[in-house]
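Chains as they are written, first to last, in the numbering used here: chain E, 142 to 426; chain U, 78 to 308.
Glycine included, C-beta positions come from ideal geometry on N, C-alpha and C.
Here the structure is a predicted model, which is why all the values come from computation and not from measurement.
Input: a single structure, listed below in structure tokens.
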Amino acid sequence: MSDARAPGEDWVLRTNKLSKQFGDRCDLCRSVDPSVLERNFCPKCGTVYALRSVSFDLYRGEVLGIVGESGSGKSTILNCLYYDLEPTSGEVFVRDFEEGQTNIFSVSGQRRRHIRNHVLGKVYQNPVHGLRMRFSSLANIAEKLIAAGNRTVGDMEDRARNLLEHVNIPTFRMKEAPANFSGGMQQRVQIAKALSNNPPVLLLDEVTTGLDLSVQAKVLDLIKQIRRDFEISMLLVSHDLAVVRMLADRTIVMLNGTIVERGLTDQIMEDPQHAYTQELVYSLL
Amino acid sequence: MNAVLEVRDVTKEFTIHQFDKTITGCRNISLTIEHGAFVGITGRSGSGKSTILKLIYRSYVPQNGTIMYDSRDLGLLNLASCNERVMLQLRKLEIGYVSQFLNVVPRTTAREIVEQAVLEIGQDHATAQSRAREMLAHFELDESLWDSYPNTFSGGEKLRLNIARAMVKHPRLLLLDEPTASLDVHSKTRVRELIERLKTEGTTMLGIFHDIEFMGGLCDREYNMQAGFLS
Chain E
142 MSDARAPGED WVLRTNKLSK QFGDRCDLCR SVDPSVLERN FCPKCGTVYA
192 LRSVSFDLYR GEVLGIVGES GSGKSTILNC LYYDLEPTSG EVFVRDFEEG
242 QTNIFSVSGQ RRRHIRNHVL GKVYQNPVHG LRMRFSSLAN IAEKLIAAGN
292 RTVGDMEDRA RNLLEHVNIP TFRMKEAPAN FSGGMQQRVQ IAKALSNNPP
342 VLLLDEVTTG LDLSVQAKVL DLIKQIRRDF EISMLLVSHD LAVVRMLADR
392 TIVMLNGTIV ERGLTDQIME DPQHAYTQEL VYSLL
Chain U
78 MNAVLEVRDV TKEFTIHQFD KTITGCRNIS LTIEHGAFVG ITGRSGSGKS
128 TILKLIYRSY VPQNGTIMYD SRDLGLLNLA SCNERVMLQL RKLEIGYVSQ
178 FLNVVPRTTA REIVEQAVLE IGQDHATAQS RAREMLAHFE LDESLWDSYP
228 NTFSGGEKLR LNIARAMVKH PRLLLLDEPT ASLDVHSKTR VRELIERLKT
278 EGTTMLGIFH DIEFMGGLCD REYNMQAGFL S
């Protein structure tokens, strides 16, 4: 079993030189020297380099934080991993898909759907993207279960009920549409949906942004609890350093589409090396 | 040689880019801690005592030097450069750190904090519950506090909880960053008793103490830190 791998070898998701550009590129920015770029775009043709050769490993059972300012490429990573965006180049391997031997971008639509439905779960910043707002909460979860090949209505309803209970949605509201729910409740339904197929990897995109503090605490409690109960690996994108400090074992710092620093979370917070990380950490209240 | 930890020529400097300035944390530090030993570091505030502990715990990354640690499960490792994942496992299973501040996730009760520490080292729930009870009782934390959140605790109560959390795991190496600084004499005595007990059980410890006299007789060796140098 992969659990027997030595620490440092037990990755579940490996990202290798992931790059994403928006634009056609020109002779100037095609030259390999990245110093021609102004922040993350080409001053001549305007091509945006959202991700530039990003590589990292996510290990079994860990929470990896990704921090950085708006536009630094944090969400683009998750969008590429969940097939919401096609990367320009680069490879991603997932241990639970063909033993981690196959680049997930090299496979057909059908196998992509398999990965999306069985291996990954994603929670969007805006629940509108992760939920069908006019369908019931139960139906939302059933949709994901059906996509993964379930056909027994009774089983699916039981599973959905269990999950919604787990995320503290009261039983009498389970048949209600998330459109009626508060932001925090919608986020918890989204988490329940993402968890429904027991994915080994969960992608969390600014899940607590815009929620008030007590609701935010509930969502964070839930994430902690999930981590304890299911041993899921999580990629946690957030510009809130306090959230990352609380949840992440290791942290990656992004700036202009590249990783400028990585390390143990407390090391990033207490001994930041890069000028940008220092600016970020010293701004922490 | 039977050293658990061997620090060789470690230097730490902090570069603050904004002010284009470099601050020295410590310079050419070397020290060895044998298995089961209790080593104390004294020195004035700002002399770099905590820097050494944080380097060993990898909260800081040194500029040069090696920090060789003899792991129970993973053999000899350089903590200055080993894989982060390995370091996380060591923190979970072998190396404990008691800081001057209690760092916990909000809305976790004192009891849960100590129980979770026991669960982390792979014990079952029943063991976690009984060990947590024993530890909280030992530190005379009022039972009415066990199921409340530490943000309402006094400084001394927080500190005792912090120590309880680290000691309950019986780590192979325990780093103590002024664990008695803000405690009254009575609580200090409890900490001392527990240190004595851990010592007889074979725990290796490196501690920073303002009031080293209080630990008198317990330390196998004492170092004094001055302006980043160890003597």
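Cβ of residue i within 8 Å of any chain E Cβ
i, result
"U:Gln95", "yes"
"U:Met164", "yes"
"U:Pro227", "no"
"U:Arg104", "no"
"U:Lys98", "no"
"U:Arg184", "yes"
"U:Val175", "no"
Whole-angstrom distance between residue j and residue i, CA atom to CA atom
i, j, result
"E:Asp370", "U:Ser259", "36 Å"
"E:Arg236", "U:Ile100", "43 Å"
"E:Gln380", "E:Leu226", "In the sequence on display, residue 380 of chain E carries His and not Gln. If I take the Cα positions, the gap works out to 21 Å."
"E:Met142", "E:Asn157", "With a pLDDT of only 35 at E:Met142, under 50, the local geometry of the prediction cannot be trusted, and no value is derived from it."
"U:Leu250", "U:Leu275", "10 Å"
"E:Arg314", "E:Leu159", "42 Å"
"U:Phe291", "E:Met326", "53 Å"
"E:Leu396", "E:Gly214", "7 Å"
"E:Tyr224", "U:Ser231", "50 Å"
"E:Glu284", "E:Ala301", "10 Å"
"E:Gly324", "E:Ile364", "16 Å"
"U:Leu130", "U:Ala304", "16 Å"
"E:Pro228", "E:Ser194", "11 Å"
"E:Val208", "E:Ala288", "32 Å"
"E:Leu382", "U:Gly125", "27 Å"
"E:Leu192", "U:His215", "53 Å"
"E:Val264", "E:Ile332", "6 Å"
Neighbour list for residue i in chain U, Cβ cutoff strictly below 9 Å
i, result
"E:Gly231", "By Cβ distance, chain U contributes nothing, its closest Cβ being about 22 Å from E:Gly231, past 9 Å."
Cutoff 8 Å: residue i Cβ touching any chain U Cβ
i, result
"E:Ala411", "Correcting the residue identity first, residue 411 of chain E is Glu in this sequence and not Ala. It does: the Cβ of E:Glu411 has a partner Cβ on chain U nearer than 8 Å."
"E:Met387", "yes"
"E:Leu226", "no"
"E:Tyr265", "no"
"E:Gly174", "The sequence as given places Asp at residue 174 of chain E; Gly does not occur at that position. Not closer than 8 Å to any Cβ of chain U, the Cβ of E:Asp174 fails to qualify, so no."
"E:Ala358", "yes"
"E:Lys185", "no"
"E:Asp296", "no"
"E:Asp362", "yes"
Contacts of residue i in chain E (Cβ-Cβ under 7 Å)
i, result
"U:Glu161", "Arg391, Gly404, Leu405"
"U:Arg135", "Leu405, Gln408"
Contact list for residue i against chain U, beta-carbon separation under 8 Å
i, result
"E:Tyr200", "Arg162"
"E:Lys365", "Val182"
Beta carbon proximity, residue i to chain A, threshold 8 Å
i, result
"E:Gln419", "No chain A is present in this structure, whose protein chains are E and U."
Beta-carbon neighbours of residue i, restricted to chain E and to distances below 8 Å
i, result
"U:Lys131", "Glu411, Asp412"
Within chain E, the residues that residue i reaches when beta carbons sit closer than 9 Å
i, result
"U:Val138", "Gly404, Gln408, Asp412, Gln414"
(message) Does the structure place the segment 310 to 321 of chain E close enough to the segment 251 to 265 of chain E that three or more beta carbon pairs sit under 8 Å?
(response) The segment 251 to 265 of chain E, when compared against the segment 310 to 321 of chain E, does not touch it at the 8 Å Cβ threshold.
(message) Does the contact criterion of 3 or more C-beta pairs under 8 Å hold for the segment 195 to 208 of chain U versus the segment 275 to 286 of chain U?
(response) Touching, no, given that fewer than three Cβ pairs across the two stretches are closer than 8 Å.
(request) Would you check if there are 3 or more beta carbon pairs closer than 8 Å linking the segment 169 to 188 of chain E to the segment 340 to 355 of chain E? (result) No, they do not touch.
(message) Does the segment 191 to 202 of chain U come into contact with the segment 144 to 162 of chain U, if we say contact requires no fewer than three beta-carbon pairs (one atom in each stretch) closer than 8 Å?
(response) Per the Cβ contact rule, the segment 191 to 202 of chain U is not in contact with the segment 144 to 162 of chain U (fewer than 3 Cβ pairs under 8 Å).
(message) So, does the segment 277 to 286 of chain E touch the segment 294 to 306 of chain E, judging by three or more C-beta pairs under 8 Å?
(response) Yes, since at least three Cβ pairs between the segment 277 to 286 of chain E and the segment 294 to 306 of chain E fall closer than 8 Å, the two stretches touch.
(message) Does the structure place the segment 412 to 420 of chain E close enough to the segment 239 to 249 of chain U that three or more beta carbon pairs sit under 8 Å?
(response) With the rule of 3 Cβ pairs closer than 8 Å, the segment 239 to 249 of chain U does not count as touching the segment 412 to 420 of chain E.
(message) I'd like to know if the segment 81 to 90 of chain U and the segment 138 to 149 of chain U are in contact, where contact means that at least 3 CB-CB pairs between them fall below 8 Å.
(response) The segment 81 to 90 of chain U is in contact with the segment 138 to 149 of chain U.
(request) Check whether the segment 187 to 204 of chain E touches the segment 382 to 400 of chain E, taking contact to mean three or more Cβ pairs, one atom from each stretch, closer than 8 Å. (result) Contact between the segment 187 to 204 of chain E and the segment 382 to 400 of chain E is present, because at least three Cβ pairs lie under 8 Å.
(message) Does the contact criterion of 3 or more C-beta pairs under 8 Å hold for the segment 116 to 131 of chain U versus the segment 294 to 304 of chain U?
(response) Taking 8 Å as the limit for Cβ pairs, the verdict is that the segment 294 to 304 of chain U does touch the segment 116 to 131 of chain U.
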